[in-house]
Amino acid sequence: MRLAELQQLAPQLHELLARHGASNPAVFGSVARDQAVPSSDVDLLVDLPAGASLFDRAELKSALEDLLLTRVDLIRRRNLKPDLKATVEGEAIPL
Numbered sequence: 459m460r461l462a463e464l465q466q467l468a469p470q471l472h473e474l475l476a477r478h479g480a481s482n483p484a485v486f487g488s489v490a491r492d493q494a495v496p497s498s499d500v501d502l503l504v505d506l507p508a509g510a511s512l513f514d515r516a517e518l519k520s521a522l523e524d525l526l527l528t529r530v531d532l533i534r535r536r537n538l539k540p541d542l543k544a545t546v547e548g549e550a551i552p553l
């Protein structure tokens, strides 16, 4: 998936995220760097509510994959490892 394709789907993406209590989406990784190949996944950084369970996260990931028609690596912003945080946030593109 290309960044432009993902940006076109931003309204649907925001609606889906809101239904799951998630917000503040940003893409990073190969899609953000415009280096994605057909087998690339979409690396998506989001904020999830404090009470979100692993099941909630899995359900959201599945719904995102259905919408985007590709694999999604869903990363909860607060779970970013300190050694990766600056790199990920530096290349992240808000959607």
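Be aware that the sequence shown starts at 459, since it is given in this note's numbering, and climbs by one per residue.
The beta carbon of each residue, even a glycine, is placed where N, CA and C say it ideally should be.
### Query
Taking C-alpha atoms, which residue in 549, 478, 485 lies nearest to residue 468?
That would be 485, whose Cα lies nearest to the Cα of residue 468.
### Message
To the nearest angstrom, how far is the alpha carbon of residue 523 from that of residue 517?
### Response
Distance between residue 523 and residue 517, taken at the CA atoms: about 10 Å.
### Task
Output yes or no for whether 8 Å exceeds the beta carbon distance between residue 504 and residue 530.
Taking 8 Å as the Cβ cut-off, residue 504 and residue 530 do not qualify as a contacting pair.
### Task
Give the DSSP-derived three-state secondary structure of residue 529 in the structure shown.
Note: residue 529 maps to coil in three-state DSSP.
### Query
Which whole-angstrom value describes the C-beta separation of residue 474 and residue 521, a residue pair presumed to lie in contact below a C-beta threshold of 8 Å?
Contact holds; Cβ gap of about 6 Å.
#### Entry: Continuous beta strand (DSSP E) assignments of at least 3 residues falling wholly in the region 471-536
You should have 481-486, 500-505, 530-534.
### Query
Can you tell which of 478, 526, 459, 511 has the C-alpha that lies nearest to the C-alpha of residue 492?
The residue with the shortest Cα to Cα distance from residue 492 is 459.
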